[in-house]
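These protein sequences, in sequence, are chains G and S. So the first sequence is numbered by this note's numbering: it starts at 1 and just counts up by one. So the second sequence is numbered by this note's numbering: it starts at 200 and just counts up by one. Ideal placement from N, C-alpha and C gives every residue a C-beta, glycine not left out. The structure under discussion appears below in the form of structure tokens.
Protein chains: 2
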Amino acid sequence: MFTVYGMADSGNCYKVKLALEQLGKPYRWVEVDSTKGGTRTKEFLAMNPNGKVPTLQLEDGGFLPESNAILYYLAEGTPLLPADKLGRARALQWMFFEQYSHEPYIAVARFILRYLPGGHARRAELPRLQERGHQALAVMERHLAGTPYFAGGGYSVADIALYAYTHSAAVGGFDLARYPAVSAWLGRVRSQPKHVPLG
Amino acid sequence: MFTVYGMADSGNCYKVKLALEQLGKPYRWVEVDSTKGGTRTKEFLAMNPNGKVPTLQLEDGGFLPESNAILYYLAEGTPLLPADKLGRARALQWMFFEQYSHEPYIAVARFILRYLPGGHARRAELPRLQERGHQALAVMERHLAGTPYFAGGGYSVADIALYAYTHSAAVGGFDLARYPAVSAWLGRVRSQPKHVPLG
């Protein structure tokens with residue numbers, strides 16, 4: 001059985017939970033609070049030297065970090081990953097987009113507004129995070145205007161990866177009403193069998 | 200034949216060049232200077248709405264962006280990607296590490312010092328970029344102390360992805376002499392058949 005070391009309110013950890021639930025794979029969840037140093041202990045760093053959740057403990061005892069690498073590992077050979085080579089590359093294209101052009105803005109804005117006190121110096125980052133986050137949402141909007149899902153024609157781990165922080169973007173100050181195709185896609189993701197909410 | 204839209208001095212674009220050379224796949228290279236707006240033209244955004252190089256034009260005419268998704272696509276089914284599922288996930292683990300925990304610090308420090316004038320306001324970012332970049336190098340050092348390559352026991356696209364900006368980290372002010380295992384690994388990568396330099 002898999003063990004997920006994760007923080008329930010983290011979008012990156014939610015990706016793993018959602019995939020495991022939808023794949024019907026049993027798992028144990030160990031809550032690790034990264035906001036209180038839980039990923040910086042000697043014990044945690046022995047599992048993942050990069051000090052981040054989620055980290056998946058595999059059935060052989062090894063540890064696999066990086067939310068989107070975990071998604072790919074869990075989904076390979078299942079309907080959650082496209083069956084053709086180009087479809088898999090498209091899923092990865094959007095998963096790398098998510099980690100480089102989306103999460104560092106949309107998730108970080110949410111973190112600042114949700115976890116840091118009102119007068120915190122990091123609020124100065126918000127205008128740039130808003131600008132870049134809206135750029136990412138505009139790229140998604142343009143793509144979703146022509147196709148129901150991100151890769152391979154059907155629901156996949158690319159959708160799970162992008163859903164995690166997009167559906168909670170309002171917490172970071174993003175008004176999703178400006179993105180009708182993104183909003184409709186969020187509804188399609190929510191309506192998938194065995195969907196579970198963040199938290 | 201593939202066409203690479205890329206900038207010769209960009210590490211992300213170099214990854215694609217190195218993989219194509221080592222796989223012996225013919226390609227055409229179209230130079231796009233992202234520092235002079237080449238990725239923001241209407242024509243370029245029609246190929247990649249996210250406005251980034253590299254973007255690979257496939258043999259069917261479609262476009263695939265995201266350097267590490269391109270690497271995976273090119274390497275699937277070749278010796279540059281591990282043949283087993285966990286090995287592929289390990290390659291992706293390090294490729295996501297590269298894009299989230301390495302490139303945003305080590306490549307950006309190089310960009311500021313190489314492309315921006317001496318008194319530019321973005322120099323203020325350098326202390327944080329140095330701190331985070333050294334964290335990434337320390338994670339690599341720890342991993343490479345016990346294994347010659349990043350994933351699956353042999354040279355793979357995970358090594359190509361991490362080599363691109365690590366081997367040129369000195370330009371960003373990083374002293375690699377502090378990382379003997381990383382330095383030895385750089386030598387192993389350079390000694391691979393059909394290796395070509397950045398540029």
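| Item | Value |
| --- | --- |
| If we ignore side chains and look at the alpha-carbon of each, how far apart do S/Gly236 and G/Gly62 end up? | 45 Å |
| Could you work out which residue in S/Tyr271, S/Leu285, S/Pro392, S/Glu275 is closest to G/Asp60 when comparing CA atoms only? | S/Leu285 |
| Going by DSSP, which residues form a beta bridge with S/Arg377? | Partner(s): none; S/Arg377 has no beta bridge. |
| Can you give me the C-alpha to C-alpha distance between S/Pro225 and S/Thr202, rounded to a whole angstrom? | 9 Å |
| Locate the beta strand (DSSP E) running through S/Tyr226, then write down its first and last residues. | 226 to 230 |
| Who are the near neighbours of S/Gly353 in its chain, counting only those whose CB is closer than 7 Å to its CB and skipping five residues on each side? | none |
| Report yes or no: is there a C-beta of chain G within less than 8 Å of the C-beta of S/Tyr348? | no |
| Go through its chain and collect everything with a Cβ distance to S/Arg387's Cβ below 7 Å, but skip five positions before and after it. | Pro347 |
| Can you have a look at S/Val229 and say buried or exposed, based on whether 16 or more other CB atoms are within 10 angstroms of its CB? | exposed |
| Which partner residues does G/Thr166 have in the DSSP bridge list? | Paired residue(s): none; G/Thr166 is not in a bridge. |
| So, with DSSP's three-state summary, where would you put G/Ala124? | helix |
| Closer than 8 Å by C-beta to S/Ser209: which residues in its own chain qualify, once you throw out the five before and the five after it? Chain order, please. | Ser233, Val252, Pro253 |
| Which term fits G/Glu131, buried or exposed, when burial requires 16 or more other beta carbons within 10 angstroms of its beta carbon? | exposed |
| Can you confirm whether G/Arg40, when its beta carbon is compared against all beta carbons of chain S, has any partner nearer than 8 Å? | no |
| Take the Cβ of G/Val209 as the centre, count every other Cβ of all protein chains shown within 10 Å, and call the residue buried at 16 or more, exposed below. | Chain G is shown from 1 up to 199; residue 209 of chain G falls before or after that span and cannot be answered. |
| Please report whether the beta-carbon of G/Ser156 lies at a distance below 8 Å from any beta-carbon of chain S. | no |
| Between S/Tyr314 and chain G, is any beta-carbon pair separated by less than 8 Å? | no |
| Using a Cβ-Cβ distance under 8 Å, would G/Ala145 count as near chain S? | no |
| What are the residues in the segment 365 to 380 of chain S lying within 7 Å of chain G by C-beta distance? | none |
| Does the beta-carbon of G/Lys194 have 16 or more other beta-carbons within 10 angstroms, so that it is buried, or is it exposed? | exposed |
| Is DSSP giving S/Val395 helix, strand or coil here? | coil |
| How should G/Tyr163 be labelled, buried or exposed, when 16 other C-beta atoms within 10 angstroms of its C-beta is the threshold for buried? | buried |
| Would S/Asp358 be called buried (16 or more neighbouring beta carbons within 10 Å of its own) or exposed? | buried |
| Please list the partners that G/Tyr72 has in chain S, where partner means a Cβ-to-Cβ separation under 8 Å. | Arg287, Ala288, Leu291 |
| Taking only beta-carbon positions, decide if G/Gln99 is within less than 8 Å of chain S. | yes |
| Over what stretch of residues does the beta strand (DSSP E) that includes G/Gln57 continue unbroken? | 55 to 57 |
| Helix, strand or coil: how does DSSP classify S/Phe310 here? | helix |
| To the nearest angstrom, how far is the alpha carbon of S/Arg239 from that of G/Ala136? | 15 Å |
| Using a 10 Å radius around the Cβ and a threshold of 16 neighbouring Cβ atoms, would you call S/Pro379 buried or exposed? | exposed |
| Chain S beta carbons: is any one of them nearer than 8 Å to that of G/Pro26? | no |
| Mapping the DSSP letters down to three states, classify G/Leu80 as helix, strand or coil. | coil |
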